[in-house]
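Counted from 1, the sequence shown has number 276 at position 277 by numbering that gives the first Met the number 0; the numbering is strictly sequential.
Where a beta carbon is used, it is the ideal one built from N, C-alpha and C, also for glycine.
Note sheet for the following structure.
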Amino acid sequence: MKVLFFLSGNNIFAKDEVFSLFESYELKYEIIYDEGQLLILKISKSNIDFISRLGLTHFVLDVICDFDIDKKINENIFDIDWDSRLSLDRTYKVRVKNKDKIEYGNLELIIAKSISNFFKDKIKANLTNPMDEIVGIIFRHRLFIGKKIFERNKEGFNIRKPQLRPFFSPTSIDPRIARAMINISQAQKEILDPFVGTGGILIEAGLMGLDTYGIDIEEKSVIGTKMNLLNYEINSFDIRLGDARKILEIFGRTFESIATDAPYGRSTKIDKDKEKMYNECFSSIRESFKKKCMIGLDREYPFEDIGFKIDKVYSFRVHKSLIRHFYLLS
Ligand SMILES: C[S@@+](CC[C@H](N)C(=O)[O-])C[C@H]1O[C@@H](n2cnc3c(N)ncnc32)[C@H](O)[C@@H]1O
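This is the structure:
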């Protein structure tokens with residue numbers, strides 16, 4: 000089976016989110032196309048329900064075919080065997096996304112005609128609420144056709160934007176980034192956020208079905224995080240008031256993975272000696288996870304000096320004025 004991931008933005012973070020999920024669910028893959036926002040993997044198993052966890056992928060297609068857009072394009076489209084992807088008892092819709100700046104004619108209509116011909120005009124289209132969606136992507140003079148098997152719930156992410164939560168802080172990161180952090184940390188069962196803030200990371204973890212654990216040194220953040228989690232119907236969590244320097248003391252155990260956004264700028268006013276605070280908190284984090292740890296920071300940090308292995312660093316702009324560095328650590 001060939002699966003196409005249409006990534007949000009051309010960034011390595013989005014790609015690694017996909018790879019990390021496959022790795023944590025121990026599923027082998029082969030990269031067969033990797034250009035711009037398009038990533039195509041060859042996999043042997045068809046049960047990949049875990050892709051519904053993705054935060055930085057717009058949609059996923061089960062690839063039917065792909066070919067260069069040339070004079071034979073119509074012939075190629077009319078040669079497609081639709082039987083394996085569509086059926087007479089289901090409705091369908093065709094959508095074509097043109098990522099090239101050139102016009103290639105109405106390929107949506109040509110694909111729909113090919114489907115209709117194949118099923119001798121007996122298959123029903125439904126443009127508003129189809130059961131199946133056939134998607135064509137035109138990219139670099141090539142047409143990729145597939146059946147949609149996952150679409151990110153855009154509306155769902157929009158209603159979880161930090162400013163729409165009952166308890167708000169401008170330091171909270173975008174829910175899609177939070178989700179990618181958790182996925183890259185390879186958490187399958189549980190996640191700890193030792194600087195929980197408003198709970199942005201734990202909201203996403205809870206919605207993915209993970210057990211959620213958090214710590215914050217400020218009582219208002221502990222109360223606010225619980226309020227936010229309940230607001231998105233996450234009813235099971237363990238959020239404690241405390242200092243991230245003492246994770247093992249607070250919980251008495253280690254965690255599968257950690258994903259966190261370290262205090263910076265205004266949120267560090269409680270701790271004047273930031274260097275010392277970072278050093279002590281990160282040392283405590285280092286002792287408290289089994290798989291991977293993902294830490295977001297507003298600057299570079301020498302994690303090797305306190306015993307971590309740096310697997311990867313992702314640096315990109317999260318707001319107009321703020322570059323954040325995400326460290327994947329083991
Ligand atoms: C950048 S914010 C976390 C943002 C969070 N990801 C969110 O979605 O809101 C950092 C949080 O760390 C907390 N904090 C600062 N020092 C701490 C410490 N030593 N132990 C635990 N929490 C601490 C602050 O109170 C603040 O809420």
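Met-0: buried (16+ other C-beta within 10 angstroms of its C-beta) or exposed?
-> Taking the first residue of the sequence shown as 1, we reach residue 0 at position 1. So Met-0 counts as exposed.
When we look at the beta-carbon of Asp-215 and count the other beta-carbons within 10 Å, is it buried (16 or more) or exposed?
-> For the purposes of this step, residue 215 is identified with residue 216 of the sequence shown, where counting begins at 1. Classification of Asp-215: buried, given that the 10 Å Cβ count is 16 or more.
Alpha-carbon spacing of Asp-80 relative to Ser-115, whole angstroms | For this step, residue 80 is matched to residue 81 along the sequence shown. For this step, residue 115 is matched to residue 116 along the sequence shown. Distance from the CA atom of Asp-80 to the CA atom of Ser-115, rounded to whole angstroms, is 12 Å.
Limits of the beta strand (DSSP E) - the one that Thr-211 falls within | Within the sequence shown, the letter at position 212 stands for residue 211. Element bounds for Thr-211: 210-215.
Could you give the distance in angstroms between the alpha-carbon of Asn-9 and the alpha-carbon of Met-130?
-> In the sequence shown, residue 9 corresponds to position 10, counting from 1. In the sequence shown, residue 130 corresponds to position 131, counting from 1. Taking the straight line joining both Cα atoms gives about 29 Å.
What are the boundary residues of the alpha helix (DSSP H) that Ile-246 is part of?
-> As a working note, residue 246 is residue 247 in the sequence shown. Note, Ile-246: alpha helix (DSSP H), 246-250.
Three-state secondary structure assigned by DSSP to Ile-122 | Here residue 122 refers to the residue found at position 123 when the sequence shown is read from its first residue. Ile-122 sits in coil when the DSSP states are folded into three classes, being neither helix nor strand.
Sufficient close CB pairs (3 or more, under 8 Å) joining the stretch 152-168 to the stretch 66-78 | Taking a contact to require three or more Cβ pairs closer than 8 Å, the stretch 152-168 and the stretch 66-78 do not qualify as touching.
State yes or no: is the C-beta of Arg-141 within less than 8 Å of the C-beta of Phe-66?
-> By 1-based counting over the sequence shown, the position of residue 141 is 142. By 1-based counting over the sequence shown, the position of residue 66 is 67. Going by beta carbons, Arg-141 and Phe-66 fall inside the 8 Å limit.
What span of residues does the beta strand (DSSP E) with Ser-19 cover, start to end?
-> The residue given as residue 19 occupies position 20 in the sequence shown. Not the beta strand (DSSP E): Ser-19 falls in the alpha helix (DSSP H), residues 11-23.
Does at least one heavy atom of ligand 1 sit under 7 Å from the Cβ of Glu-189?
-> Numbered from 1 along the sequence shown, position 190 holds the residue referred to as residue 189. Glu-189 Cβ: outside cutoff for every heavy atom of ligand 1.
Locate the alpha helix (DSSP H) running through Lys-219, then write down its first and last residues.
-> For the purposes of this step, residue 219 is taken as the residue at position 220 of the sequence shown. For Lys-219, the enclosing alpha helix (DSSP H) has its first and last residue at 218-230.
For Lys-308, I'd like the list of residues in its chain whose CB is within less than 6 Å of its CB, leaving aside the five on either flank, ordered along the chain.
-> Counted from its first residue, the sequence shown places residue 308 at position 309. For Lys-308, where only same-chain residues beyond five positions count, the Cβ hits under 6 Å are Ser-329.
Just the C-alpha distance for Pro-174 and Gly-199, rounded to the nearest angstrom, thanks.
-> Against the sequence shown, residue 174 aligns to sequence position 175. Against the sequence shown, residue 199 aligns to sequence position 200. Each residue's alpha carbon lies about 7 Å from the other.
Report yes if the C-beta of Ala-243 is less than 7 Å from at least one heavy atom of ligand 1; otherwise report no.
-> Position 244 of the sequence shown holds residue 243. Checking the Cβ of Ala-243 against ligand 1 gives yes.
Examine ligand 1 and report whether any of its heavy atoms sits within less than 7 Å of the Cβ of Gly-196.
-> As a working mapping, residue 196 is identified with position 197 in the sequence shown. Yes, ligand 1 has a heavy atom inside 7 Å of this Cβ.
Going straight from the alpha carbon of Asp-330 to that of Ser-86, what length do you get?
-> Look at the range of the chain in this structure, 0 to 329, and you will see that residue 330 is not part of it.
What are the boundary residues of the alpha helix (DSSP H) that Glu-274 is part of?
-> Here the question's residue 274 lines up with position 275 in the sequence shown. Element bounds for Glu-274: 273-285.
Span of the alpha helix (DSSP H) holding Phe-138?
-> In the sequence shown, residue 138 corresponds to position 139, counting from 1. For Phe-138, there is no enclosing alpha helix (DSSP H); the enclosing beta strand (DSSP E) covers residues 131-138.
For the alpha helix (DSSP H) that contains Met-180, what are its first and last residues?
-> In the sequence shown, residue 180 corresponds to position 181, counting from 1. First-last of the alpha helix (DSSP H) with Met-180: 174-183.
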